[in-house]
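Below: one structure, written as structure tokens.
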Amino acid sequence: MAKKLKPLLALVLSVFMSVSTMTNMYTVRADDEITQEEPIVEETQTEEETTEEQVPTVEEETPAEEDEAPLVEEEPVVEEEQLGDSNMMEYFLVDNPVLSNGETENFVLSLNNAEGYSDFKLTIQKEDGSTFDLESSEQVDNLVKFSRVFTEEEKGQYSVTTLHYVYNGHSYYLNFSDLEMDVKFGVDQEYDGYDATLPDLTEDSISSEGVIEVTDVNKAEEEIVNGVASQPATMSVDEFSRHATGGMTICLDPGHGGSDSGANAFGAKESDLTLKIAQYCKEELAKYDVNVVMTRTTDTRLSEEAAMDLKNRVEVAKKAGASYFISIHINSAANSAAKGAEVYYPNTSGNKNLSSNGQNLAKAIQKQLTALGLYDRGIKIRNYTDGTTSYDPTSSDKDYYGVIRYAKEANITGLIVEHCFISNKEEFDKYLGSNAKLQQLGVADARGIVSALGLQLKNQSLDTLAKDNRNVLADGTYNIQSLVNPNYVLDIYGGYTTNGANVQLYRSNDTEAQLFKVTHDSQGYVTFTNVKSGKVLDVYGGTKKNNQNIWQFSSNGSRAQKWIIKPDGNGYVIISALDSNYVLDLSTGKAVNSSNIQLYTYCGSNAQR
Ligand SMILES: [Zn+2]
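First residue of the sequence shown: 116, per our numbering; consecutive thereafter.
Written out as structure tokens, the structure reads:
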């Protein structure tokens, strides 16, 4: 197989700069308590038409990411570890930001709910790229402790990169970097970015020996929480996630569910129809550059109490950092002739921007729905005090509908889309009677969203770049040399064949651990498969950001494993299919053994050629 060409592939070099916003935080809270304030007023169904809306809900909270789970083939063989749900974590804490050899470092993971969780393990990476796993040493209630003594030989800077765990028999992982949690510590030295002047957030919660007082966990936990809550620098994981995703997030809310089926007619339940419409809408939006979360993906409600159901739905949007909350409904009326589509948006009270954003979006969705032939009932606001509706958004009253009102309180634009009437036989047959018809409604909603929010198709420019550079390098087996010194090549640490083995630079030694098979897919994207391991170059956690590590992983077809090889000066740059601004990069800028390979923004310096 070894067709050994040695093209000069330039690794983009840049000075390693430890730009870290988070390095001094040792405790990160995942979440605030959900405040359970009473709804201002109970929703009453005083209207003739537009009946349903505010019905309540279900027992368990549906994790917002549930429907975001990657598609996994049903292979009964050995289950691959899957990306977990960060909501499982309340906070993670490092005892000693800097410790001396011989001392014990402790890590504490606090779970929101320990039920069903087991087999906790951390992956810890040293600055040289080497990693080791650390299994939990004890667990009491929601607290899980990890401990390890470091020796003199282990002096250096470390990052906790990954949490592994088993939930209900399935293996999951969470990358701290995905959560923008920069969890670092140093042994016999400070780590880059360490600032001794910042307060140690853990001092009140952990004894001077660095051990959880497991005999009094509740107290310890309480102290930790109190200690953390008093630190203004503390941010929640949600805030990190929001910050990390960058793009816009939209929350789709399939109305009703579980014990609340909404309106029923002709053998159909509104709750089933709204779920399908929302799923079709999400499927269409997946083509665009937008994050979509759903308040539910099964036949369930988020509380058995009506107002709490609605609050919890908005809470899903809030946690996901959504800008829009779009509640999907089917109308119903005693008068079987009632027909048509209508969309409710926020009035101007309290927040005029949300009202005008909502009006634009409502208009765009209504335009798509009426284009399907639905009668135009208009876009409306509805006021709280007397339940009046209006085509004029101006009002000093609160919004009538709970989801719109709660969304406004969270600075989210909330809409209710009443697609058509389930109680009208003609509309039922024409718009609700089959999956294809429901899809039509979901796609119409999506098109309205795309046009109002100016969403772009995903990866359009990257696809063009991949296509244009398809012929730069022929399929074959290559050493990938650094232009800094062609005697140094990409190498799999230790020649390991396992998932997660680090990719580094190493002096060329003619082993298969340094040979990569270059293949192009139909779009022109390149995959680099290590000849020895059969694993491919992969961006850690699928997250594009500076200093993000590159490792090898089983091929899964994701964009984190696709690349574009583009000529650059006397060599080439290897661009990530996640983002054309990010390229393979030599972290030290020097051709020395074990220099780490990472992702970094293209900077166009001479060192890149
Ligand atoms: Zn409804």
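By construction, the Cβ of each residue, glycine as well, lies at the ideal position given by its N, Cα and C atoms. Computed from a prediction, not measured in an experiment: that's the story for all the values here.
According to DSSP, simplified to helix, strand and coil, what is T161?
As a position in the sequence shown, residue 161 is number 46, starting the count at 1. Low confidence applies here, because T161 scores a pLDDT of 37, under 50, leaving its location unreliable and the question unanswered by this model.
When burial is assigned at 16 or more other CB atoms within 10 Å of the CB, is E541 buried or exposed?
As a position in the sequence shown, residue 541 is number 426, starting the count at 1. With fewer than 16 Cβ atoms within 10 Å of its Cβ, E541 is classed as exposed.
Measure from the alpha carbon of I494 to the alpha carbon of each residue in G377, T500 and S471, then state which is nearest.
Against the sequence shown, residue 494 aligns to sequence position 379. Nearest of G377, T500 and S471 to I494, Cα basis: S471.
Could you tell me whether any non-hydrogen atom of ligand 1 is closer than 8 Å to the CB of G455?
Within the sequence shown, numbered from 1, the residue matching residue 455 stands at position 340. Placement of the Cβ of G455 at a distance of 8 Å or more from every heavy atom of ligand 1 is found.
So D491 is in the alpha helix (DSSP H); what residue range does that whole segment cover?
Numbered from 1 along the sequence shown, position 376 holds the residue referred to as residue 491. Premise fails: D491 lies in the beta strand (DSSP E), D491 to R497, not in any alpha helix (DSSP H).
Is it true that the CB of E220 sits closer than 9 Å to the CB of V302?
The residue you call residue 302 lines up with position 187 of the sequence shown. The residue you call residue 220 lines up with position 105 of the sequence shown. Yes; because the gap between Cβ atoms is below 9 Å, this pair is in contact.
D625 lies in the alpha helix (DSSP H); which residues open and close that run?
Indexing the sequence shown from 1 puts residue 625 at position 510. From DSSP, D625 is part of no alpha helix (DSSP H); its letter is neither H nor E.
Since G301 sits in a beta bridge, which residues does DSSP pair it with?
Position 186 of the sequence shown holds residue 301. Note: G301 sits in a beta bridge opposite V213 and Q272.
State buried or exposed for G361, treating a residue as buried only when at least 16 other CB atoms are found within 10 Å of its CB.
Taking the sequence shown and counting its residues from 1, the one referred to as residue 361 is at position 246. Bear in mind that a pLDDT of 41 at G361, under 50, signals an unreliable position, so the model cannot answer this.
Select from N427, T410 and S648 the residue whose C-alpha is nearest the C-alpha of Y608.
Along the sequence shown, one-based indexing puts residue 608 at 493. Distances from the CA of Y608 to each of N427, T410 and S648 were compared; the closest alpha carbon is that of S648.
Give a single yes or no on whether T389 has its beta carbon closer than 8 Å to a heavy atom of ligand 1.
Here residue 389 is taken as the residue at index 274 of the sequence shown, counted from 1. At least one heavy atom of ligand 1 is nearer than 8 Å to the Cβ of T389, so yes.
Residue range of the alpha helix (DSSP H) that M423 falls in?
Start at 1 with the first residue of the sequence shown, and residue 423 comes out as number 308. Per DSSP, M423 belongs to the alpha helix (DSSP H) from A421 to K434.
Taking DSSP's pairing of strands, which residues face S710 in a bridge?
Working through the sequence shown from its first residue, we reach residue 710 at position 595. According to DSSP, S710 bridges with L620.
Please confirm whether any heavy atom of ligand 1 lies closer than 8 Å to the CB of E370.
Here residue 370 refers to the residue found at position 255 when the sequence shown is read from its first residue. Here residue 370 turns out to be Gly, not Glu, going by the sequence shown. Yes, the beta carbon of G370 sits closer than 8 Å to at least one heavy atom of ligand 1.
Which residue marks the beginning of the beta strand (DSSP E) containing D368, and which one marks its end?
Here residue 368 refers to the residue found at position 253 when the sequence shown is read from its first residue. That run of the beta strand (DSSP E) goes T364 to P369.
When you compare only the Cα positions, how much space is there between G240 and N664?
Mapped onto the sequence shown, residue 240 falls at position 125. Mapped onto the sequence shown, residue 664 falls at position 549. The question names Gly, yet the displayed sequence has Gln at residue 240. Taking the straight line from one Cα to the other gives about 10 Å.
Report yes if the C-beta of G704 is less than 8 Å from at least one heavy atom of ligand 3; otherwise report no.
Only ligand 1 can be found as ligands here, which leaves ligand 3 out of the picture.
Report yes or no: do three or more beta-carbon pairs, one from the segment 526–533 and one from the segment 458–470, lie closer than 8 Å?
yes
Can you name, in chain order, every residue of its own chain whose Cβ lies under 7 Å from the Cβ of I689, other than the five neighbours on each side?
The residue given as residue 689 occupies position 574 in the sequence shown. If we look at I689 and ignore the five residues flanking it on each side, its Cβ neighbours are L124, W678, I680, V698 and L699.
Taking Y289 as the reference, which of N602, S447, T658 and L714 has the closest Cα?
Against the sequence shown, residue 289 aligns to sequence position 174. Position check: residue 289 holds Leu in this sequence, whereas Tyr was assumed. The shortest Cα separation from L289 among N602, S447, T658 and L714 belongs to T658.
Check K545 in the structure and name its three-state DSSP category.
Taking the sequence shown and counting its residues from 1, one reaches residue 545 at position 430. K545 falls in the helix class under three-state DSSP.
Here's the rule I'm using: 16 or more other beta-carbon atoms within 10 Å means buried, otherwise exposed. How should F247 be labelled?
Locating residue 247 in the sequence shown gives position 132, counting from the first residue. Per the 10 Å Cβ criterion, exposed.
Where do the N-terminal and C-terminal ends of the alpha helix (DSSP H) with D583 fall, by residue?
Along the sequence shown, read from residue 1 onward, the residue named residue 583 stands at position 468. That run of the alpha helix (DSSP H) goes Q575 to D583.
DSSP state of R411, grouped into three classes?
Start at 1 with the first residue of the sequence shown, and residue 411 comes out as number 296. The answer is coil: DSSP assigns R411 none of H, G, I, E or B.
So, helix, strand or coil for Q197, using DSSP?
The residue given as residue 197 occupies position 82 in the sequence shown. It is a strand residue.
Only counting runs of 3 or more residues, tell me where the beta strand (DSSP E) segments fall wholly within the segment 603–673, in order along the chain.
618–622, 631–635, 641–645, 651–654 and 663–668
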